[in-house]
Amino acid sequence: MSITMLRATPESLGELVEAMSQWPRTGGPVQVHVGDLGWKWRFGGPALAEAVRVWTRDGRVVAVGLDDDGLVRLGIAPEADDDIELAARMLADLEGVEVVEARAGAAFRALLARRGWVADEPWAPLVRDLAEPVADCGLRIEVGGAHNVRDRVEVQRAAFDNSTFSEERWHAMAAAPAYQRARCLIGYDDTGAAVAAVTVWSAGEGRPGLLEPMGVHRDHRGRGHGRAITVAAAAALREMGSSSATVCTPAGNVGGVATYASAGYTRQPDVTDLRRPIGG
């Protein structure tokens, strides 16, 4: 059996989405999710494909790497978790990469440890089980679409400094295969102002879903809107059949962690990116 690594192509991305949708497991690590690809799709299929590495074994996708702002975020198929041959090939193919996000893949993580890779930035995964109904969040929630995309964009740009989100980029994302199991939610306060937004991504019935991203308009912070839109995200994912709602934020983001916790998300043990040793 042979393992190969290729860059994705725009034409292969739909097939890749379907393969990755089978990987999330309830109780498993919060590794790179189909929603992470979906959110990056806002820059277009060609740009996304250029950022994605795909490892296959005899034509079957067994691992994915997403180049993301200076690190490679990795996803490994559950059946390949202990695959020593795959681990060795992945490490060889990542020559020149200084930092990886590798939250799954026991064989790969063990290999990095033996090679002296060290802990880098810590992240806090949070999970909300969706077995039980989710209470009303307290905001009026609309599903994002062509009729209110301006509100979705306005909240995003007001929530994140230096955001380049636009209506054009929302439409590019919404037209992509990954978004067929996703929703943008926009929260409105009693005055009718758009105050918060989130995009939720399902991996299919009975699998963990993902929040990516969530933000509150800078002019409406401190009023509980972050908690409310995060509760709404859980309700939407439950309606879409997800087993749980997952999110991962920097461990140092004290306010963000508190917001998710207040919305019923349970913090899991922190995880760290891994950095290549100097001269390694």
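Counting in this note's numbering, the sequence shown runs from 891 upward without gaps. Cβ atoms here follow ideal geometry from the backbone N, Cα and C, with glycine treated the same way.
(message) Using DSSP's beta-bridge definition, name the partner residues of isoleucine 1076.
(response) Glu1032, Ala1087
(request) Could you name the residues that DSSP lists as bridge partners for threonine 894? (result) Thr946
(request) Pull up the distance between the alpha-carbon of histidine 1110 and that of glutamate 1129, whole angstroms please. (result) 27 Å
(request) Report yes if the CB atom of glycine 928 is closer than 7 Å to the CB atom of tyrosine 1069, and no otherwise. (result) yes
(request) Reducing DSSP to helix, strand and coil, say where leucine 1020 ends up. (result) coil
(request) Please work out which residues of its chain come closer than 6 Å, Cβ to Cβ, to alanine 1086, disregarding the five sequence neighbours upstream and downstream, and give them in chain order. (result) Gly1077, Val1106, His1115, Ile1119
(request) My understanding is that alanine 939 touches alanine 967, with C-beta atoms under 8 Å, so please give their C-beta distance in whole angstroms. (result) 20 Å between Cβ atoms; not a contact.
(message) For methionine 991 and leucine 964, which I take to be in contact (beta-carbon distance under 8 Å), what is that distance rounded to the nearest angstrom?
(response) For clarity, residue 991 is glutamate in the given sequence; the question names methionine instead. Glutamate 991 to leucine 964, Cβ: 6 Å. Contact.
(message) Need the endpoints of the beta strand (DSSP E) that aspartate 1041 sits in, please.
(response) No beta strand (DSSP E) holds aspartate 1041; the alpha helix (DSSP H) holding it covers 1039 to 1049.
(request) Express the C-alpha separation of arginine 993 and glycine 1142 in angstroms, rounding to a whole number. (result) 18 Å
(message) Helix, strand or coil, according to DSSP, for proline 919 in the structure here?
(response) coil
(request) Use the C-beta contact count for proline 1012: other C-beta atoms within 10 angstroms, 16 or more gives buried, fewer gives exposed. (result) exposed
(request) Identify which residue in Leu1100, Gly995, Ala1083 has its Cα closest to the Cα of glutamate 1032. (result) Ala1083
(request) Pick helix, strand or coil for isoleucine 1168, following the three-state DSSP scheme. (result) coil
(message) Ignoring anything shorter than 3 residues, give me the beta strand (DSSP E) runs that lie fully in the region 1107 to 1162, in order along the chain.
(response) 1134 to 1140
(request) Ignore the nearest five residues each way along the sequence and tell me which others in alanine 996's own chain have a CB closer than 8 Å to its CB. (result) Asp971, Asp972
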